[in-house]
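Protein chains in written order, with our numbering: chain G, 1278 to 1521; chain W, 9 to 302.
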């Protein structure tokens, strides 16, 4: 079987297994940002620029927290509750398994960004245009793979299920609060700024701000998101032990 | 199909980074179509050996061949020849039984047509037809085991590796699984089975291997193991109050056992033929005293 065919087979397995969990996460990914967005709209008043700022932050939050939980929890369940033994002996290759999980995070990001863009365009807040939709998809692709890589790294690096679960939860909430998503990075103490630059949330937010405003995607943010995606996936792929 | 022995282990060992040895110097050749049963206490190294053969764990010493090829040179190709029930494997709880098996078809490199054919076979063989539309999370432990067996059989592998497949099953479910295993042996499969149940090994195994402290200490057919033991009768001293076994003694002949009972003045005891459990306990060095035939 070809490598893409094997990856697709693993993806179908997880899609079928996690459809209910996925719907729940998708709901969370929409519901929480929608709540934050509502508060943001109240605070932003009539300022379109402020509304867009809050909307981009809300989508970043949903995309990041939903993706981290999705990939992190699935890999933790596989590793510590025995599903990985079944898959390894089936046999599924490490590459197909890993790619399928990150692909799920990318799919979730794409769905979230495209639906959010459609809603915001209908409300007159976003003006992405055809080029903006493509830019949004590119941003979602980079963001999803970075977030998926982070979730997988946390899950593959965990000592046990509880430690991994705690790490995923702390990371999701910690990054949402500590990353400059709803504020400028200059608002952070200077000692925290290097750490903030390492958070994917920091670079996803300006990408989405540009997409919502119909402005050119900032190359630096795109490069940083892509770079983090490559780095996080390289680390977590290395951590994923298929053979001892 | 290769003419080489299905599984060959030569001097196989595994040493953890801290120097602890999980197993060492294991030499084992499985013949085509035989059911080989591996017995040993918890922590003896059974699962380590299974994980080495299924390429999950790379031996730190020796080598393993599956169907004539180095098992660890191409792990995915090796696993394609194997149908494995890992000891701690779990199913995908959210899936229906039939969907679970169907979705694993492509993962086992089966075409859509092959998956359909094999799915019908394993559902019938493992008595899963009434459960095909049940969600895995609603199944009992025995029913889940059946699904794991069905998954192991799905790709019609040459070799089956079953790591304690009947643990936790009720007697009826165990016997159902035994029938499935026996029918697979009748179909020419080579089977490596680990178990803690002596009756299971006695009923199913063509050959039995004992593993203790990481070493394969004895291998043979049931008949040859009895012959090596050299005893044929067992007397178990029972506690008069609760009927529990206090000590077991082995004898060459029934007349010696009778003399022992008379000489010791035993009032509550049981006499029987020696069993695989006696051989196991003797090899593991506990719980037996043997009476000289002279």
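In this text, a Cβ means the ideal position worked out from N, Cα and C, and glycines have one as well.
Separation of residue j from residue i, as counted between CA atoms
i	j	result
residue 131 of chain W	residue 137 of chain W	5 Å
residue 185 of chain W	residue 1471 of chain G	59 Å
residue 258 of chain W	residue 211 of chain W	22 Å
residue 72 of chain W	residue 48 of chain W	21 Å
residue 55 of chain W	residue 1454 of chain G	45 Å
residue 60 of chain W	residue 1366 of chain G	12 Å
residue 1289 of chain G	residue 233 of chain W	50 Å
residue 1507 of chain G	residue 1432 of chain G	17 Å
residue 213 of chain W	residue 102 of chain W	36 Å
residue 292 of chain W	residue 1512 of chain G	45 Å
residue 1427 of chain G	residue 1353 of chain G	13 Å
residue 1459 of chain G	residue 1313 of chain G	10 Å
residue 1519 of chain G	residue 1422 of chain G	21 Å
residue 222 of chain W	residue 240 of chain W	29 Å
residue 64 of chain W	residue 194 of chain W	28 Å
residue 227 of chain W	residue 34 of chain W	11 Å
residue 267 of chain W	residue 90 of chain W	52 Å
residue 1440 of chain G	residue 1350 of chain G	12 Å
residue 29 of chain W	residue 1281 of chain G	40 Å
residue 176 of chain W	residue 1345 of chain G	36 Å
residue 248 of chain W	residue 276 of chain W	6 Å
residue 1336 of chain G	residue 1396 of chain G	12 Å
residue 1425 of chain G	residue 117 of chain W	27 Å
residue 171 of chain W	residue 279 of chain W	33 Å
residue 18 of chain W	residue 200 of chain W	16 Å
Residue-level contact to chain G via CB, residue i, 9 Å cutoff
i	result
residue 106 of chain W	no
residue 300 of chain W	Low confidence applies to residue 300 of chain W: its pLDDT is 42, below 50, so where it sits in the model is not reliable enough to give any reading.
residue 102 of chain W	yes
residue 295 of chain W	At residue 295 of chain W the pLDDT is 48, less than 50, meaning the model places this residue with poor confidence and gives no usable figure here.
residue 63 of chain W	yes
residue 5 of chain W	In this structure chain W extends from 9 to 302, so residue 5 of chain W is not present and cannot be described.
residue 200 of chain W	no
residue 38 of chain W	no
residue 80 of chain W	yes
residue 96 of chain W	yes
residue 129 of chain W	no
residue 13 of chain W	no
residue 154 of chain W	no
Sequence-distant residues of its chain with Cβ nearer than 6 Å to residue i (five each side left out)
i	result
residue 1321 of chain G	1327, 1328, 1331
For residue i: DSSP bridge partner residues
i	result
residue 31 of chain W	W:22
residue 259 of chain W	W:241
residue 17 of chain W	W:36, W:72
residue 198 of chain W	W:167
residue 1316 of chain G	Beta-bridge pairing links residue 1316 of chain G to no other residue.
residue 7 of chain W	This structure cannot speak to residue 7 of chain W, because chain W is shown only from 9 to 302.
residue 45 of chain W	W:201, W:216
Own chain partners of residue i with C-beta closer than 7 Å, once the 5 adjacent residues on each side are dropped
i	result
residue 295 of chain W	With a pLDDT of only 48 at residue 295 of chain W, under 50, the local geometry of the prediction cannot be trusted, and the value read off the model is given with reservation. These residues qualify, in order along the chain: 256, 289.
residue 274 of chain W	245
residue 1516 of chain G	1430, 1433, 1434
residue 165 of chain W	89, 90, 91
Cβ of residue i within 9 Å of any chain W Cβ
i	result
residue 1347 of chain G	no
residue 1486 of chain G	no
residue 1500 of chain G	no
residue 1330 of chain G	no
residue 1287 of chain G	yes
residue 1517 of chain G	no
residue 1368 of chain G	yes
residue 1343 of chain G	no
residue 1425 of chain G	no
residue 1282 of chain G	yes
residue 1295 of chain G	yes
residue 1441 of chain G	no
residue 1470 of chain G	no
residue 1391 of chain G	no
residue 1362 of chain G	yes
residue 1358 of chain G	yes
residue 1381 of chain G	no
Contacting residues, own chain, Cβ-Cβ under 8 Å from residue i (five flanking each side not counted)
i	result
residue 156 of chain W	93, 97, 99, 173
residue 1415 of chain G	1494, 1499
residue 133 of chain W	158, 161, 188, 191
residue 1402 of chain G	1325, 1328, 1329, 1332, 1489
residue 1417 of chain G	1340, 1383, 1386, 1387, 1389, 1390, 1391
residue 144 of chain W	99, 100, 101, 102, 103, 104, 105, 108, 152, 155
Is it the case that the stretch 1486-1501 of chain G contacts the stretch 1409-1419 of chain G, given that we only count it when at least three CB pairs across the two stretches are under 8 Å?
yes
Would you call the stretch 106-117 of chain W and the stretch 65-80 of chain W touching, i.e. three or more CB-CB distances under 8 Å?
Segments in contact, no.
Is there contact between the stretch 1447-1454 of chain G and the stretch 1374-1392 of chain G, where contact requires at least three CB pairs shorter than 8 Å?
By the Cβ criterion, the stretch 1447-1454 of chain G is not in contact with the stretch 1374-1392 of chain G, since fewer than three pairs of Cβ atoms, one from each stretch, lie closer than 8 Å.
Three Cβ pairs or more, each shorter than 8 Å: is that satisfied between the stretch 1359-1379 of chain G and the stretch 1471-1486 of chain G?
The stretch 1359-1379 of chain G, when compared against the stretch 1471-1486 of chain G, does not touch it at the 8 Å Cβ threshold.
Inter-stretch contact at 8 Å, needing at least 3 Cβ pairs: the stretch 29-48 of chain W / the stretch 12-21 of chain W
Judged by Cβ distances under 8 Å, the stretch 29-48 of chain W makes contact with the stretch 12-21 of chain W, as three or more pairs qualify.
For the structure I just gave you, are there three or more beta carbon pairs, one from the stretch 185-198 of chain W and one from the stretch 143-158 of chain W, closer than 8 Å?
yes
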